[in-house]
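Structure first, then comments.
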Amino acid sequence: MFIGHFGLSFAAKRAAPKVSLATLFIATQFIDLLWPFLLVFHVEKVAIVPGYTKTNPFDFLYFPYTHSLLMGVVWGFVVGSIYWLFKRDIRGTVVIGLCVLSHWFLDLIVHTADLPLTPFGDYKVGFGLWNHVALTLIIELIIFLAGTYIYATFTKTRNKIGKWMLWTLVTLLVLVQVGNTFGPAPSDSVMKLFVSFTTLMAIIISIAYWVDRNREQA
Ligand SMILES: [Zn+2]
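What follows is the structure, encoded as structure tokens:
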């Protein structure tokens, strides 16, 4: 899943108004942010196999430290605790922890049966929606647009930046989703994947930070 995760971040702003949208983006995408680092250090493995699913070419050979259910719980505790140490905001801490864990459950809908329950077992799950292009896009867009609507109405803009940057962010995320679904397969090189993915995420998270600074609770 891609923009669905961001949709949940947008919606989570309503549950934890003190937390920046950028932090909520980091939370729902935390395990995907960690993933390229583990790939570069050969801890986890992926193969690019064009046509592997109908919507993307990723064959996730081994990624139990980022994408197992158990580690989702662990990372939720870790990221939530880090936030608590800095902000002492218990509501924000709980929402951030749950956002981190939500990644696994949203991925469960779209991934083929490649998501492990624990790093120790071989049992893997996934409903495989990635093999249905239209359904994948519909589910991603419903979650994304519902979340965006919640954020756009729960907050109001302080100035023009808060308005136009929000729509820039929304447009960018939809374009990336469409590009991922219909565009060419990415390079097979782990290093290139690392650079392009982390750069894209850094841009998205920076814009989210900028958007949130220029908006306030309505
Ligand atoms: Zn993921």
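Numbering-wise, the numbering used here puts 303 at position 94 of the sequence shown, and it's gapless, one number per residue.
Using N, Cα and C, we set each Cβ at its ideal position, and we do this for glycine too.
Within 8 Å: the Cβ of residue i and any heavy atom of ligand 1?
i	result
W244	yes
T275	yes
I240	yes
H341	no
M280	no
M210	yes
D421	no
H312	yes
D268	no
D323	no
D316	yes
Short of 6 Å in beta carbon distance, which residues of its chain neighbour residue i, apart from the five on each side in sequence? Order them along the chain.
i	result
D268	A256, V258 and Y261
P273	P325 and P328
Which residues mark the beginning and the end of the beta strand (DSSP E) in which residue i is found?
i	result
T364	T364 to T366
Q426	R424 to Q426
Run through the DSSP bridge pairs and tell me what residue i is partnered with.
i	result
F267	I257
L384	Beta-bridge pairing links L384 to no other residue.
Determine the extent of the alpha helix (DSSP H) in which residue i is found, giving its start and end residues.
i	result
K222	I212 to A224
D298	Per DSSP, D298 belongs to no alpha helix (DSSP H) and is neither H nor E.
Y274	P273 to H276
L233	L230 to T237
Ordered along the chain, which non-local residues of its own chain (more than five positions away) have a Cβ less than 7 Å from that of residue i?
i	result
L310	G281, V282 and G285
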